[in-house]
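Peer 1: The following block contains the structure, expressed as structure tokens.
There are 2 protein chains.
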Amino acid sequence: MNRRREIVRRAAEIFLQKGVAQTSMEDIAQAVGIKREGLYYYFQSRNDILLEIILPQSDSLLLNLQRIIKSRMTAMEKLHAAIQSHLHAFYPAYLEMSVALREHYFVRDATKLQQLKRVWDDYSTLWTDLIKEGQANGEFKADLDPKMVAFAYLGMCNWFCRWYNPEKELSIDTIIATYFSLAATGVTALPAAAQ
Amino acid sequence: MNRRREIVRRAAEIFLQKGVAQTSMEDIAQAVGIKREGLYYYFQSRNDILLEIILPQSDSLLLNLQRIIKSRMTAMEKLHAAIQSHLHAFYPAYLEMSVALREHYFVRDATKLQQLKRVWDDYSTLWTDLIKEGQANGEFKADLDPKMVAFAYLGMCNWFCRWYNPEKELSIDTIIATYFSLAATGVTALPAAAQ
Chain A
1 MNRRREIVRR
11 AAEIFLQKGV
21 AQTSMEDIAQ
31 AVGIKREGLY
41 YYFQSRNDIL
51 LEIILPQSDS
61 LLLNLQRIIK
71 SRMTAMEKLH
81 AAIQSHLHAF
91 YPAYLEMSVA
101 LREHYFVRDA
111 TKLQQLKRVW
121 DDYSTLWTDL
131 IKEGQANGEF
141 KADLDPKMVA
151 FAYLGMCNWF
161 CRWYNPEKEL
171 SIDTIIATYF
181 SLAATGVTAL
191 PAAAQ
Chain B
1 MNRRREIVRR
11 AAEIFLQKGV
21 AQTSMEDIAQ
31 AVGIKREGLY
41 YYFQSRNDIL
51 LEIILPQSDS
61 LLLNLQRIIK
71 SRMTAMEKLH
81 AAIQSHLHAF
91 YPAYLEMSVA
101 LREHYFVRDA
111 TKLQQLKRVW
121 DDYSTLWTDL
131 IKEGQANGEF
141 KADLDPKMVA
151 FAYLGMCNWF
161 CRWYNPEKEL
171 SIDTIIATYF
181 SLAATGVTAL
191 PAAAQ
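Encoded structure:
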């Protein structure tokens with residue numbers, strides 16, 4: 001089990017460095033310090049390793065969002081919690097998730113790929129529902145297409161992994177605060193009274 | 001020249017469908033209806049074709065943004081123009097740019113890759129400058145990190161190509177209006193008087 005975890009972790013690092021397409025099973029075996037045959041004992045292909053990186057994280061992102069939406073918070077509070085949940089998912093597991101986002105279209109296993117797509121579709125739908133909820137109760141602008149708003153925020157949050165360097169940049173909490181501020185009230189300077 | 005354009009266009013389509021890593025020069029030659037050797041007359045490698053897709057578009061994105069920033073508009077108007085310029089770049093050339101965004105890290109030609117990175121860095125820096133300008137003159141929230149704001153908006157705009165289907169979705173102008181509304185004042189319902 002520990003060896004399996006180690007393989008997944010090392011593979012994620014190499015995928016990010018070299019790109020999945022440039023990474024061979026041999027590379028992964030070397031990085032872990034085992035023989036190629038030993039690696040095949042755990043995983044049949046590179047893509048199986050990739051899915052093992054992506055799927056559990058996607059599942060837990062979805063579960064968290066379901067919990068947030070079912071809660072008794074206002075839609076605005078839910079938006080805050082959703083951004084927080086999404087960005088926190090990237091943080092401890094930054095490496096794996098950013099690989100997932102960059103490379104998921106290389107997955108070839110049709111069944112598992114379907115599984116992943118279903119989770120991601122459900123996740124986007126839930127985000128759209130959150131926006132609809134806020135529009136229905138008057139908290140959010142009613143004239144915007146809710147799916148488009150949801151995707152705008154998902155884009156904002158997902159792009160984060162393209163440039164964020166946990167060693168150099170501001171803390172994850174500052175990023176969550178910034179993104180929520182932009183999502184809620186945009187970049188326009190607020191009148192002092194409103195703040 | 002027409003043949004060259006045709007190769008670039010068809011290659012962009014195949015890259016998007018199959019992923020760059022899964023596309024061979026053979027595939028591209030077949031799609032264009034020429035022999036593999038004929039293709040090599042125009043391009044030495046797959047990545048040369050990719051760069052021919054990416055670089056000119058990145059250059060013109062940068063030029064447009066420079067023009068916008070030098071203009072006499074308010075920072076808020078510039079933000080609107082910048083979002084517009086960015087999303088319009090995706091629209092007529094949707095295919096190529098989305099390929100660029102998904103695959104640019106596969107480029108191996110160090111010199112051209114450097115060239116591309118420089119353009120993209122300059123582009124992000126200009127976006128950050130735009131935000132700083134608005135913060136300095138009181139139009140934008142002063143307490144947010146300008147780079148983070150810039151990347152949030154770039155993410156919002158760039159993610160667009162992951163889900164936007166020009167045949168199915170709302171018009172590009174609706175998307176620009178939506179994104180600008182979110183960027184400027186967020187999702188919060190505005191008091192009637194302010195609108």
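Chains as they are written, first to last, in this note's numbering: chain A, 1 to 195; chain B, 1 to 195.
Don't be surprised by glycine CBs; every beta carbon is placed ideally from N, CA and C.
Buried or exposed, going by whether 16 or more other CB atoms sit within 10 Å of the CB of leucine 170(A)?
Peer 2: Classification of leucine 170(A): exposed, given that the 10 Å Cβ count is below 16.
Peer 1: Any beta carbon from chain B within less than 8 Å of serine 85(A)'s own beta carbon?
Peer 2: Answer no: the Cβ-Cβ gap between serine 85(A) and chain B never drops below 8 Å.
Peer 1: Taking Cβ-Cβ distances below 9 Å as the criterion, which residues of the stretch 164-193 of chain A are in contact with chain B?
Peer 2: Listed in sequence order: Tyr164, Glu169, Leu170, Thr174, Ile175, Ala177, Thr178, Tyr179, Ser181, Leu182, Ala183, Ala184, Thr185, Gly186, Val187, Thr188, Ala189, Leu190.
Peer 1: Under 8 Å, Cβ to Cβ, is there at least one residue of chain A near isoleucine 14(B)?
Peer 2: No - not a single Cβ of chain A is within 8 Å of the one on isoleucine 14(B).
Peer 1: For lysine 141(B), would you say it is in contact with chain A, using Cβ-to-Cβ distances shorter than 8 Å as the test?
Peer 2: With 8 Å as the cut-off, lysine 141(B) counts as an interface residue toward chain A.
Peer 1: Mind checking who phenylalanine 140(A) pairs with in its DSSP beta bridge?
Peer 2: Answer by DSSP bridge pairing, in chain order: Thr188(B).
Peer 1: Could you check which residue in Thr174(B), Ala189(B), Thr185(B) has the C-alpha nearest to that of leucine 87(B)?
Peer 2: Measuring from the Cα of leucine 87(B), the nearest candidate turns out to be Thr174(B).
Peer 1: In the DSSP assignment, find the unbroken alpha helix (DSSP H) run with phenylalanine 43(A) in it and report its ends.
Peer 2: Element bounds for phenylalanine 43(A): n/a, residue is neither H nor E.
Peer 1: For glutamine 195(B), is the classification buried or exposed, using 16 other Cβ atoms within 10 angstroms of its Cβ as the cut-off for buried?
Peer 2: Model confidence at glutamine 195(B) stands at a pLDDT of 45, short of 50, so the residue's coordinates are unreliable and nothing is read from them.
Peer 1: Against chain A, which members of the stretch 56-75 of chain B pass a CB distance test of less than 8 Å?
Peer 2: Residues passing the 8 Å Cβ filter: none.
Peer 1: Taking 8 Å as the threshold (beta carbon to beta carbon), is isoleucine 27(B) in contact with chain A?
Peer 2: Here residue 27(B) is aspartate; the residue named in the question, isoleucine, does not match the sequence. Cβ-Cβ to chain A under 8 Å: no for aspartate 27(B).
Peer 1: For a cutoff of 8 Å on Cβ pairs, would you count glycine 38(B) as touching chain A?
Peer 2: Output row for glycine 38(B): interface = no.
Peer 1: At 7 Å on the CB atoms, spell out the chain B contacts of tryptophan 159(A), in chain order.
Peer 2: Phe151, Leu154, Gly155, Asn158, Trp159, listed in chain order.
Peer 1: Using the Cα positions of glutamine 135(A) and isoleucine 83(B), report the straight-line distance between them to the nearest angstrom.
Peer 2: Using only the alpha carbons, I get a separation of about 24 Å.
Peer 1: Using a Cβ-Cβ cutoff of less than 7 Å, which residues in the same chain neighbour glutamate 26(B) once the five nearest sequence positions on both sides are dropped?
Peer 2: If we look at glutamate 26(B) and ignore the five residues flanking it on each side, its Cβ neighbours are Arg36.
Peer 1: Would you say leucine 50(A) lies against chain B (beta-carbon separation less than 8 Å)?
Peer 2: Judged by the 8 Å Cβ criterion, leucine 50(A) is not in contact with chain B.
Peer 1: Does the Cβ-Cβ distance between phenylalanine 151(A) and tryptophan 127(B) come in under 8 Å?
Peer 2: Against a cut-off of 8 Å, the Cβ pair of tryptophan 127(B) and phenylalanine 151(A) comes out as no contact.
Peer 1: Check whether the stretch 138-146 of chain A and the stretch 65-80 of chain A touch, using three or more Cβ-Cβ pairs below 8 Å as the test.
Peer 2: Enough Cβ pairs lie closer than 8 Å, so yes.
Peer 1: So which residues of chain A does aspartate 145(B) contact, with C-beta pairs closer than 8 Å?
Peer 2: Chain A residues near aspartate 145(B): Leu170, Thr174, Thr178.
Peer 1: Is the separation between the beta-carbon of glycine 155(B) and that of glycine 155(A) shorter than 8 Å?
Peer 2: Yes; because the gap between Cβ atoms is below 8 Å, this pair is in contact.
Peer 1: Determine the burial state of proline 191(A): buried for a count of at least 16 other Cβ atoms within 10 Å of its Cβ, exposed for fewer.
Peer 2: Result: exposed.
Peer 1: What distance in whole Å lies between the Cβ atoms of isoleucine 69(B) and leucine 130(B), which are believed to be in contact at a cut-off of 8 Å?
Peer 2: Right, the Cβ-Cβ distance comes to about 6 Å (below 8 Å), so this counts as a contact.
Peer 1: When DSSP labels each residue in this structure, what does glutamine 195(A) get in the three-state scheme?
Peer 2: Confidence in glutamine 195(A) is poor, its pLDDT being 45 and thus under 50, which makes the residue's placement too unreliable to answer from.
Peer 1: Using a Cβ-Cβ cut-off of 8 Å, state whether glycine 138(B) counts as contacting chain A.
Peer 2: With 8 Å as the cut-off, glycine 138(B) counts as an interface residue toward chain A.
Peer 1: Could you check if asparagine 2(B) is buried or exposed, using at least 16 other CB atoms within 10 Å of its CB as the buried criterion?
Peer 2: With fewer than 16 Cβ atoms within 10 Å of its Cβ, asparagine 2(B) is classed as exposed.
Peer 1: Would you please verify whether the beta carbon of cysteine 134(B) is less than 8 Å from any beta carbon of chain A?
Peer 2: Sequence inspection shows glycine at residue 134(B); the cysteine mentioned does not correspond to that position. It does: the Cβ of glycine 134(B) has a partner Cβ on chain A nearer than 8 Å.
Peer 1: Applying the 10 Å Cβ sphere with the 16-neighbour rule, what's the burial state of asparagine 64(A)?
Peer 2: Flag for asparagine 64(A) reads buried.
Peer 1: With a threshold of 7 Å (Cβ to nearest heavy atom), would glutamate 167(A) be considered close to the ligand SAM?
Peer 2: Ligands displayed in this structure: none; no statement on the ligand SAM is therefore possible.
Peer 1: Apart from the five residues just before and just after leucine 62(B), which ones in its own chain have a Cβ nearer than 8 Å to its Cβ?
Peer 2: Taken in chain order, the residues that qualify are Val119, Asp122, Tyr123, Leu126.
Peer 1: Quick one: give me the first and last residue of the alpha helix (DSSP H) that serine 85(A) is part of.
Peer 2: Run containing serine 85(A): 75-90, per the alpha helix (DSSP H) assignment.
Peer 1: In angstroms, rounded to a whole number, what distance separates the CA positions of isoleucine 53(B) and isoleucine 176(B)?
Peer 2: Using only the alpha carbons, I get a separation of about 24 Å.
Peer 1: Leaving out the 5 sequence neighbours to the left and right, which residues in its chain are closer than 8 Å to phenylalanine 180(B) when beta-carbon positions are compared?
Peer 2: So the list reads Leu79, His80, Ile83, Gln84, once near-sequence residues are dropped.
Peer 1: Since I believe glycine 186(A) is in contact with alanine 184(B) (beta carbons under 8 Å), could you give me their beta-carbon distance rounded to a whole number of angstroms?
Peer 2: Confirmed, Cβ separation roughly 5 Å.
Peer 1: In three-state DSSP terms, what is threonine 125(A)?
Peer 2: Residue state, collapsed to three classes: helix.
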